[in-house]
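Okay, so here's the structure we're looking at.
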């Protein structure tokens, strides 16, 4: 009986250790290729939970938030409401997101990002995809179109009056920006711009031109696709409209 109890006690832990080892070996061999989203979270949780099966907690996170980006975007309070997730787990998840954001931002500092709209979309997709709310961001560029900084200007329901041009201009001055790129997401997944999107873009182009700052782009990010105001000719048309207004002033 003693031998049986010893085997039973070791069995579950041995199984967890073997599963953890297999997850880590898969990652060492091929990165995250082939991983389900819950397995990505599970692997992350194993780094901070020594001897516990992390799969149930990882699946509970996916059941609660539905997508991996939504898990990474969740607040510490919301994460801790999920069974099996404690404060340390929540901090670890938030830390990974913060490190990824800083890495992507600093990777672009002093580099040009205007090769084409697709390159810009690839950079912004990590930040803007699968969010349950709209987020409006700005990329501040120097005179050579190199990135100086990125910043979130607004979160919530985006309208033409939600983002104040005066605050955008102030931020551009603080970052010594010669040009700007704007982007925001559509939680619906459809990147087609609304009338509010067009009106906001026009207000920002006019306000920036008035102080000598160029707006290169406004990108609307949807579900693995995007809409480029520049590619569609809207930015150029708005600049021509501004020039006509100033010529008639």
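In our numbering, the protein residues as written are 6 to 254. We put the beta carbon where it would ideally sit given N, CA and C, even for glycine.
Assuming residue i is part of the beta strand (DSSP E), what are its boundary residues?
i: residue 187; result: 184-190
i: residue 159; result: 152-161
i: residue 219; result: 219-226
At which residues does the alpha helix (DSSP H) containing residue i begin and terminate?
i: residue 130; result: 122-133
i: residue 236; result: Where residue 236 is concerned, there is no enclosing alpha helix (DSSP H), given that its DSSP letter is neither H nor E.
i: residue 170; result: 170-179
i: residue 210; result: 200-215
Have a look at the DSSP bridge pairing and note the partners of residue i.
i: residue 139; result: 161
i: residue 145; result: 154, 185
Among the options, whose alpha-carbon lies nearest the alpha-carbon of residue i?
i: residue 157; options: 201, 106, 194, 147; result: 106
i: residue 238; options: 224, 167, 71, 215; result: 224
i: residue 228; options: 172, 153, 137, 142; result: 137
i: residue 131; options: 190, 121, 159; result: 190
i: residue 25; options: 43, 35, 47; result: 47
i: residue 80; options: 88, 38, 89, 98; result: 98
i: residue 186; options: 245, 121, 161; result: 121
i: residue 192; options: 92, 162, 221; result: 162
i: residue 170; options: 196, 194, 143; result: 143
i: residue 245; options: 231, 230, 211, 236; result: 211
Check whether the Cβ of residue i lies closer than 8 Å to any Cβ atom in chain E.
i: residue 241; result: Looking for chain E here will not work: only one protein chain is present.
At least 3 beta-carbon pairs within less than 8 Å: the segment 53-63 vs the segment 77-86: no
Ordered list of alpha helix (DSSP H) runs contained in the segment 47-106, each at least 4 residues: 60-70, 73-78, 81-85
Stretch pair the segment 89-107 + the segment 201-211: three plus CB contacts closer than 8 Å: no
Stretch pair the segment 244-252 + the segment 140-154: three plus CB contacts closer than 8 Å: no
Sufficient close CB pairs (3 or more, under 8 Å) joining the segment 48-58 to the segment 69-81: no
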